[in-house]
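Data first, discussion second: the structure below is written as structure tokens.
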Amino acid sequence: MLKVKDLNVYYGVIHAVKGISFNVPEGKIITLIGANGAGKSSTLKAIAGLVRPKGSINFLGDELTKKPAYRIAQKGVSLVPEGRRVFANLTILENLRMGGFNKNPSELEPLYEKMFELFPILKERAYQKAGTLSGGEQQMLAIARALMSEPLLLMLDEPSLGLAPKIVAEVFEILKELNRKGKTILLVEQNAAQALKLANYAYVLENGKITLEGDAKELLENEDVKKTYLGEM
Ligand code: ATP
1 MLKVKDLNVY YGVIHAVKGI SFNVPEGKII TLIGANGAGK SSTLKAIAGL
51 VRPKGSINFL GDELTKKPAY RIAQKGVSLV PEGRRVFANL TILENLRMGG
101 FNKNPSELEP LYEKMFELFP ILKERAYQKA GTLSGGEQQM LAIARALMSE
151 PLLLMLDEPS LGLAPKIVAE VFEILKELNR KGKTILLVEQ NAAQALKLAN
201 YAYVLENGKI TLEGDAKELL ENEDVKKTYL GEM
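Quick note: the sequence shown uses full-length UniProt numbering, first residue 1, plus one each step.
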């Protein structure tokens, strides 16, 4: 579905992503793991069109690298940004409405219902301002907002950030369920243990380069990964 080849991201003189290549096949969960500053967010931003990269990003046969972000979103790529970035002063329902930017008014109601089924907590709070939600609830809302456009590819930037382990488990359970229903997912995480348990295939990013890749369950057993990313001796 997504084929990234020789991707480079520069911020002035900083070379954040250094010629990485990876694939996201349809129906799979692929994860990019790595430490702070490894270039994970920059990679997702490049795919979403939020930074201008060099190299090739092919999505269902279309080259995305020169397209503006709104065109990429229209093609079916949706990003749940790091730190959720919900619209704090809008209600939950209004946040969902923003996510459904590509829908006719008549299509919205069934989509709201779908989101409320997936995230019952959002239904109870539909008319509450998003800024009043807890971190975990905001993460659920950010995911629901991204799903409102019915994307073909759902990308998430560190959904576990700042959440209690129990809430992280809930969020990852929802991702698993979405994937079971057919959603293709590209997940960026520092929480390597959770990400590797969930994903089919994983890439390890270090200083802007992919240093290791493989079946996610195999990487969980890899000694280097255990030492560096799973906190085991
Ligand atoms: P984190 O988990 O901390 O977000 P990351 O793996 O997602 O880490 P990136 O955010 O992609 O890493 O950052 C990669 C490198 O690019 C870092 O050295 C970072 O300081 C730098 N960088 C990121 N955004 C910018 C920017 N807007 N301007 C300058 N440098 C940036």
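By construction, the Cβ of each residue, glycine as well, lies at the ideal position given by its N, Cα and C atoms.
Query: Let me know the secondary structure DSSP gives PHE116 once reduced to three states.; Result: helix
Query: Assuming GLU213 and VAL204 are in contact, meaning their beta carbons sit under 8 Å apart, how far apart are those beta carbons, in whole angstroms?; Result: 7 Å
Query: Answer yes or no: the CB of TYR229 versus the heavy atoms of the ligand ATP, is any distance below 8 Å?; Result: no
Query: Taking the straight line between their C-alpha atoms, what separation do you get for THR132 and LYS123?; Result: 14 Å
Query: Who are GLY214's beta bridge partners in DSSP?; Result: ALA202
Query: Please name the residue, chosen from ILE20, LYS103, ILE167 and LYS5, that lies closest to LYS40 on a Cα-to-Cα basis.; Result: ILE20
Query: Taking 5 Å as the limit, name every residue whose beta carbon sits nearer than that to some heavy atom of the ligand ATP, in sequence order.; Result: TYR11, ILE14, ALA16, ASN36, GLY37, ALA38, GLY39, LYS40, SER41 and SER42
Query: Which term fits ARG85, buried or exposed, when burial requires 16 or more other beta carbons within 10 angstroms of its beta carbon?; Result: exposed
Query: Distance check for PRO110 and GLU117, CA to CA, integer angstroms please.; Result: 10 Å
Query: Identify, in the order they occur along the chain, each residue of the same chain with its Cβ nearer than 8 Å to the Cβ of THR43, setting aside the five sequence neighbours on each side.; Result: VAL4, LEU7, VAL9, VAL17, ILE20, LEU32, VAL188 and LEU205
Query: With C-beta atoms as the reference, is ILE174 less than 9 Å away from ILE210?; Result: no
Query: From GLN139 to ASN95, what distance separates their C-alpha atoms?; Result: 12 Å
Query: Distance, Cα to Cα, MET148 vs LYS66?; Result: 25 Å
Query: Going by beta carbon distance, what residues of the same chain come within less than 6 Å of VAL24, once the five residues before and after it are set aside?; Result: MET1, LEU2, ILE30 and LEU186
Query: Look at the alpha carbon of ILE47 and the alpha carbon of LYS166, and state the distance between them as a whole number of angstroms.; Result: 30 Å
Query: Look at LEU60 and LYS75 and say whether their C-beta atoms are less than 9 Å apart.; Result: yes
Query: Extract the residue ranges of the beta strand (DSSP E) inside the stretch 76-147, only unbroken runs of 3 or more that lie entirely within it.; Result: 77-80
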